[in-house]
Amino acid sequence: MIDPQGDRTLVIVDRPYATIGRVATADVPVPSPSAAVRHVYLHLDRRGAFAVDLVSRTGTRFDDAPEGARACWLRPGRGLELAGHRVELIEADPVDGPGDRLPGANPLAEADGLPPLDLLAEGDPDRPLTLLSELSFLGRSPRCAIQADGDGVARVHAVVVRSARGIFLVNLGGPALTVNDRPASPAGPIRDGDRIALGRSRFEARLRADLRPASPSPTPSLGRISPTTALAAARPPEGDEGAVSRALRAVQNGQEELLRSNEQFQRALVSVVRRLYEEQAALFDRHLERLDRLQAEVAELREELRRRLPPGAALPPSRRPPGPPDPPPIAPKTPPGTDSPTEPGRATTWLLDRLGELEDQLDREARSGWRDLFSRLGPASRPPGRP
16 MIDPQGDRTL VIVDRPYATI GRVATADVPV PSPSAAVRHV YLHLDRRGAF
66 AVDLVSRTGT RFDDAPEGAR ACWLRPGRGL ELAGHRVELI EADPVDGPGD
116 RLPGANPLAE ADGLPPLDLL AEGDPDRPLT LLSELSFLGR SPRCAIQADG
166 DGVARVHAVV VRSARGIFLV NLGGPALTVN DRPASPAGPI RDGDRIALGR
216 SRFEARLRAD LRPASPSPTP SLGRISPTTA LAAARPPEGD EGAVSRALRA
266 VQNGQEELLR SNEQFQRALV SVVRRLYEEQ AALFDRHLER LDRLQAEVAE
316 LREELRRRLP PGAALPPSRR PPGPPDPPPI APKTPPGTDS PTEPGRATTW
366 LLDRLGELED QLDREARSGW RDLFSRLGPA SRPPGRP
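Okay, so the sequence shown: first residue is 16 according to the numbering used here, each after it adds one.
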């Protein structure tokens, strides 16, 4: 698939049907509001890929069909366009014909040699609805072979596929479709007597006895889908038998490279966070050491002033800084000579001035340090009542 910017996405389909549409669960998702939820249905068999527009509002343009065509066979190097996106087929040529010749059969037309399916409507069993084409669509749209309405019924809700291996029902629209009163699986066989309900419409399936398979074999599996997508720089060369293998290897290599890049990014991120944490922790440790030294000097000055001031003289009130508790008491030093008992001398005056300066500095350092820490932790980590 090629988007409007020219980016290419490879989608590998390994089951007999696929859908293209806006919904993310589509086999080929087209992220555009102009695309329908289910825009195109792809029918795959040994002849190749047959694409059908599912009554979309914006339409589908096929490379090998006239303007306004509803369906077309796809061939390698050719495709379709919808909602500004282009889908090209890079599959190998059909098994039973060269690449430059499209199959002549029209799966939407009447097909001979296949077991027909009769659907007996509830309340009107005498007028069965007989499906004779390879592909018969069920849904709300008048263009469907069988119309139904009710809650949850999509414009095109399901497809009945008639093939040499049997008749199968492909559920495109979800839980509004039931088989034998149970939600229909994404794809499964239709057996004689099955009760099929879509919205308010109910039918009983009847396979004609003369065309039933002679020996019932185990129900053939319609397979599964494993869409592997990868942004590719260019489409593989047309007609190269190893294109799909190379695409798968490119997808695997791209996934491994993505995992390696993600692991390297995580390691680098952890390293950066650890380094920032260590730097901030070291910075805060140095700040706490500076506060400890200031508090120790203040405690020493107060002890010295107690010895120098006359009995009963009051020391300046202590301004306890916010943050860590006070350091342990410091052992008193040998007291110097005392001043006059009646008035402090010069040393005492200097001590008082120095004490005021240190306590002012201690208050500023403590407040700025804790404020810086809490600003780094963020508002949610700021304890109540703290600066």
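Every residue gets a Cβ at the ideal spot worked out from N, C-alpha and C, and that includes glycine. These numbers were taken from a predicted model, which means no experiment stands behind them.
| query | result |
| --- | --- |
| The stretch 157 to 167 contacting the stretch 57 to 67, beta-carbon criterion three pairs below 8 Å | no |
| Alpha carbon of residue 111 to alpha carbon of residue 153, nearest angstrom | Note that residue 111 scores 47 on pLDDT, short of 50, meaning its location in the model is unreliable; the coordinates nonetheless yield the value given after this. The alpha-carbon atoms of residue 111 and residue 153 are separated by roughly 30 Å. |
| Inter-stretch contact at 8 Å, needing at least 3 Cβ pairs: the stretch 179 to 193 / the stretch 128 to 141 | yes |
| Secondary structure of residue 100, DSSP reduced to three states | strand |
| Cα-Cα separation, residue 102 to residue 25 | 10 Å |
| Extent of the continuous beta strand (DSSP E) to which residue 219 belongs | 216 to 222 |
| Under the three-state DSSP convention, the category residue 17 falls into | strand |
| Close Cβ partners of residue 192 (< 7 Å) along its chain, the five nearest in sequence each way excluded | 172, 173, 186, 199, 213 |
| Residue 283, DSSP secondary structure in three states | helix |
| First and last residue of the uninterrupted beta strand (DSSP E) at residue 153 | 150 to 154 |
| Residue nearest to residue 51 in terms of C-alpha spacing, selected from 18, 35, 274 | 35 |
| Reduced DSSP category for residue 174 - H, G, I as helix; E, B as strand; rest coil | strand |
| Simplified DSSP assignment, three categories, for residue 40 | coil |
| Candidates 97, 46, 178, 53: closest to residue 33 by CA position | 53 |
| Those residues which DSSP pairs with residue 1 across a bridge | With the chain covering 16 to 402 only, the question about residue 1 has no answer from this structure. |
| Cutoff 7 Å; reference residue 20; Cβ partners in own chain excluding five residues on either side | none |
| Euclidean distance between Cα positions of residue 95 and residue 75 | 7 Å |
| Close Cβ partners of residue 89 (< 6 Å) along its chain, the five nearest in sequence each way excluded | 64, 66, 104 |
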